[in-house]
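Protein chains: 2
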Amino acid sequence: MHPPRPTILDVAQRARVSVGTVSNVLNGTIRVGEQRRLRVLKAIEDLGYSQNLLAQGLRKRRSTMVGLCVPHTSNAYFAALVNIFEEIASDRGFELLQVLSRQDPKKEFERVQALLRYNVGGLILVPSLAPDNTLKLIAQSGTPLVVVDRPVRPERYDQVTFDNRSAMLEATRRLIALGHRHIHFIVRQKALLVTRHRIEGLVEAARKAPAKVTTAVFECADEVSLTAHLSTELRKAYPPSAIIVSNSIFAAWTLRALHTLKVNYPGDVSLLAFDEPEWADLVTPRLSVVRQPTDAIARRAWEFLIRRMTHEFDGAQREQLKAEVIFRESIEPVTRRAR
Amino acid sequence: MHPPRPTILDVAQRARVSVGTVSNVLNGTIRVGEQRRLRVLKAIEDLGYSQNLLAQGLRKRRSTMVGLCVPHTSNAYFAALVNIFEEIASDRGFELLQVLSRQDPKKEFERVQALLRYNVGGLILVPSLAPDNTLKLIAQSGTPLVVVDRPVRPERYDQVTFDNRSAMLEATRRLIALGHRHIHFIVRQKALLVTRHRIEGLVEAARKAPAKVTTAVFECADEVSLTAHLSTELRKAYPPSAIIVSNSIFAAWTLRALHTLKVNYPGDVSLLAFDEPEWADLVTPRLSVVRQPTDAIARRAWEFLIRRMTHEFDGAQREQLKAEVIFRESIEPVTRRAR
DNA sequence: CTGAAAGCGCTTACAG
DNA sequence: CTGAAAGCGCTTACAG
Chain A
405 MHPPRPTILD VAQRARVSVG TVSNVLNGTI RVGEQRRLRV LKAIEDLGYS
455 QNLLAQGLRK RRSTMVGLCV PHTSNAYFAA LVNIFEEIAS DRGFELLQVL
505 SRQDPKKEFE RVQALLRYNV GGLILVPSLA PDNTLKLIAQ SGTPLVVVDR
555 PVRPERYDQV TFDNRSAMLE ATRRLIALGH RHIHFIVRQK ALLVTRHRIE
605 GLVEAARKAP AKVTTAVFEC ADEVSLTAHL STELRKAYPP SAIIVSNSIF
655 AAWTLRALHT LKVNYPGDVS LLAFDEPEWA DLVTPRLSVV RQPTDAIARR
705 AWEFLIRRMT HEFDGAQREQ LKAEVIFRES IEPVTRRAR
Chain Z
405 MHPPRPTILD VAQRARVSVG TVSNVLNGTI RVGEQRRLRV LKAIEDLGYS
455 QNLLAQGLRK RRSTMVGLCV PHTSNAYFAA LVNIFEEIAS DRGFELLQVL
505 SRQDPKKEFE RVQALLRYNV GGLILVPSLA PDNTLKLIAQ SGTPLVVVDR
555 PVRPERYDQV TFDNRSAMLE ATRRLIALGH RHIHFIVRQK ALLVTRHRIE
605 GLVEAARKAP AKVTTAVFEC ADEVSLTAHL STELRKAYPP SAIIVSNSIF
655 AAWTLRALHT LKVNYPGDVS LLAFDEPEWA DLVTPRLSVV RQPTDAIARR
705 AWEFLIRRMT HEFDGAQREQ LKAEVIFRES IEPVTRRAR
């Protein structure tokens, strides 16, 4: 019913050349005589030929697909990353084979394993909390890898991350300058390296503050526990005047909780969120955020990957980009009354 | 440096069987003697063998990858779709080769073409505004296809969409019941089939209303023109008391515009949006929405695709799912004063 | 520069 | 049930 796709052999026959010659004009590695070249081009045009990339990948032992493994797509930041990667990849003649680890190290391992079965030419990984096995698997396969967003221990991996410590340092410092003396940081996983770096910044800013500043870090798994936590803390005699949350999902939950609890927000409590959600400046008051340099991260990661794929570079490539701390109406100075 | 991946030949030799036998235990099509089967399994285990899916795809002339083409990922609804598709696909042993059309028919064509070069086993397409060439291309290739979300003309394609007409009918009816008599609908493209169906619902509800109801449809391309439009219309002697926007991006723009224009919202004008954005119930007042049955759409689409891939079904498969109309605080009844 | 041929790692008739 | 062999559509040394 459907005519089979023309192959390189069809092109060769129509152009009266060998398949090797067709391959050479296609890949442009070796110069082909002008007349034959034109004949081949014409044949390709006539037949509507396009390469079978499965065959090419098999023969070259590496496909033009790049594997992309992110925790999920519901986070606006990850979605933006995928968006940029797809653009870069397609411009460069690559396709994205995308899998989701759903924050689960075991699933991450399996999904990456699936990617490797396709001999992907490269791999971009936003690691889960415990990516060690996955990293080992990738290293064994010899597949070029770049780790994005969340730094990972062995220093030998190519990584592009952003500087969580200094972003948090700056944010906290500015909160303190506005009179905040009791700051809570709500996180998903204390053990996560990203989180640890943020806590370092938080603690350092508090330590260096001109006044006494109390900080606390809380782990939350879901909306219920987060709401419960806020409910308890905000009713204490000495409640936090500022809350920092580690991602945009938590920001959403917190907003809902503050509403439910009928907290005077942002009058009594200020809010700052990592991971700028797209709705940050749609809500009232507009949400203050730490904005990751998504675009720069993606572009640099791709650069690293290409260099690794073409063996242009040997040593570990690492780069830490600066994040932008943006205070908006969700943060207010602490008035004497509120203290 | 990196030991090459073991091949089926390595497994065969270690298990002292032929490669065909290994293939048979792997694919389970033909029964293999128990002892050999165990030997093969052991060899696979020992070697850490996994199939080269590029080779398999080449030989079978169809890979276990499914192409997914959506307009972009920044829309929460599309992101959710991708999320579900990835889950289903990976559970079934498929990978997702994802491309973005960026709403551009030409880019859509090129990106789908790229997908076809990999001999994807199936294709899921959320079509652009003018997908005809792309659809033709896919049809020619004989690749199983299911069109999602936006219905498309030739009735022969498998499609799972949702019922825009009846969703709009219900929404408008309810607005009218709340006293709204002048309703504006802001869209991206009047020509889009989805839009036309919505307009049908709008017009029908108005026609059947117990009182005289005026409706109007406006096309908008960007935030500036949308803001200008609202500015003009809301200052007229007989301004709309309710605005319906056709997607979540427009909802965001409208919200900003209402704020800028210092409109008494939702007192003087109510707002309803198609495409539930994730921030819908974070804003104040909470946004009223028409919620697509994302999960059901994805699952049904996958079902259609598998059936098509396994040739279990011949005729065109079509399903139209019901959307949910959710009124929240962004919609208020019209008071006599306001009329 | 060009062609003939080997081979990438699988699956699938085809004999036995 | 099992093995030997052809072939999927390419690329890449290898001669010439």
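Top to bottom, those sequences are chains A and Z. Numbering-wise (this note's numbering), the first sequence opens with residue 405 and increments by one. Numbering-wise (this note's numbering), the second sequence opens with residue 405 and increments by one. Where a beta carbon is used, it is the ideal one built from N, C-alpha and C, also for glycine. Computed from a prediction, not measured in an experiment: that's the story for all the values here.
At least one CB of chain A closer than 8 Å to the CB of residue i: is that the case?
i, result
"Z/G526", "no"
"Z/V550", "no"
"Z/L659", "yes"
"Z/E736", "no"
"Z/A595", "no"
"Z/A625", "no"
"Z/A483", "yes"
In angstroms with no decimal places, state the Cα-to-Cα distance between residue i and residue j.
i, j, result
"Z/L504", "Z/A720", "26 Å"
"A/R557", "A/T565", "12 Å"
"Z/F717", "Z/Q563", "14 Å"
"A/Q696", "A/V474", "16 Å"
"Z/R722", "Z/A700", "14 Å"
"Z/V530", "A/R660", "32 Å"
"Z/L445", "Z/Q455", "13 Å"
"A/T745", "A/F589", "As shown, chain A starts at 405 and ends at 743. That puts residue 745 of chain A outside it, with no answer to give."
"Z/L596", "Z/R690", "28 Å"
"Z/M572", "Z/I603", "8 Å"
"Z/A742", "Z/R592", "Residue placement at Z/A742 is poorly supported in this model, since its pLDDT is 46, which falls under 50; the coordinates still yield a value, given next. Cα to Cα, the separation comes out at about 29 Å."
"A/N479", "A/P681", "8 Å"
"Z/V745", "Z/R585", "Coverage of chain Z is limited to positions 405 through 743, which leaves residue 745 of chain Z absent and any answer about it impossible."
"A/E499", "A/A493", "6 Å"
What residues of chain A sit near residue i, judged by a beta carbon separation below 8 Å?
i, result
"Z/R521", "S454, Q455, N456, L457"
"Z/G461", "L458"
Can you list the residues of chain A that residue i reaches, using a CB-CB cut of under 7 Å?
i, result
"Z/V486", "T477"
"Z/A656", "L686"
Using a C-beta to C-beta distance shorter than 8 Å, which residues of chain Z count as neighbours of residue i?
i, result
"A/G424", "Within 8 Å Cβ-Cβ: nothing; A/G424 doesn't reach chain Z, min ~19 Å."
"A/V687", "W683, L686, V687, T688"
Give the single residue among the options whose Cα lies nearest to the Cα of residue i.
i, options, result
"Z/I542", "Z/V687, Z/D553, Z/V524", "Z/V524"
"Z/L582", "Z/E637, Z/G671, Z/L549, Z/V550", "Z/G671"
"Z/T468", "A/P475, A/S494, A/V470, A/L458", "A/L458"
"A/A676", "A/P644, A/I528, A/Q417, A/S454", "This sequence places Leu at residue 676 of chain A; Ala is not what is there. For the residues A/P644, A/I528, A/Q417, A/S454, the minimum Cα distance to A/L676 belongs to A/P644."
"Z/G526", "Z/G546, Z/E682, Z/P410", "Z/G546"
"Z/T477", "A/A534, A/A483, A/E491", "A/A483"
"Z/F489", "Z/A575, Z/L630, Z/H715, Z/R704", "Z/R704"
"A/N568", "A/A534, A/L606, A/V429, A/Q593", "A/L606"
"Z/R554", "Z/T698, Z/E574, Z/R440, Z/L500", "Z/T698"
"A/G497", "A/I730, A/A480, A/I710", "A/I710"
"Z/K464", "Z/G452, Z/S427, Z/T576", "Z/S427"
"Z/I648", "Z/T576, Z/P681, Z/V470, Z/R712", "Z/T576"
"A/A447", "A/V436, A/A480, A/L413", "A/L413"
"Z/T619", "Z/A610, Z/E627, Z/D626", "Z/A610"
"Z/R420", "Z/R409, Z/L442, Z/G432, Z/N431", "Z/L442"
At the 8 Å Cβ level, is residue i part of the contact set with chain Z, yes or no?
i, result
"A/W706", "no"
"A/L529", "no"
"A/N515", "Residue 515 of chain A is actually Arg in this sequence, not Asn. Chain Z contact via Cβ: present."
"A/R732", "no"
"A/A646", "no"
"A/A518", "yes"
"A/A742", "Caution applies to A/A742, whose pLDDT of 45 falls short of 50 and renders its modelled position unreliable; the value that the coordinates give is listed next. Chain Z contact via Cβ: absent."
"A/A447", "no"
"A/A419", "no"
For a contact defined as C-beta to C-beta under 9 Å, what are the partners of residue i on chain Z?
i, result
"A/S467", "L458, Y522"
"A/A615", "Ordered by position in chain Z, no residue passes the 9 Å Cβ test against A/A615, which lies about 33 Å from the chain."
Is any non-hydrogen atom of the ligand SAM found closer than 7 Å to the C-beta of residue i, if you look at the structure I gave you?
i, result
"Z/P410", "No copy of the ligand SAM occurs in the structure displayed, which carries no ligand at all."
Using a Cβ-Cβ cut-off of less than 7 Å, list which residues of the stretch 490 to 509 of chain A approach chain Z; keep chain order. E490, S494, E499, L500, L501, Q502, V503, L504
Handout entry: Residues of the stretch 634 to 645 of chain A whose Cβ lies closer than 8 Å to any Cβ of chain Z, in chain order
Key = none
Worksheet item: Relative to chain Z, which residues along the stretch 699 to 727 of chain A have a C-beta separation below 9 Å, given in chain order?
Response: none
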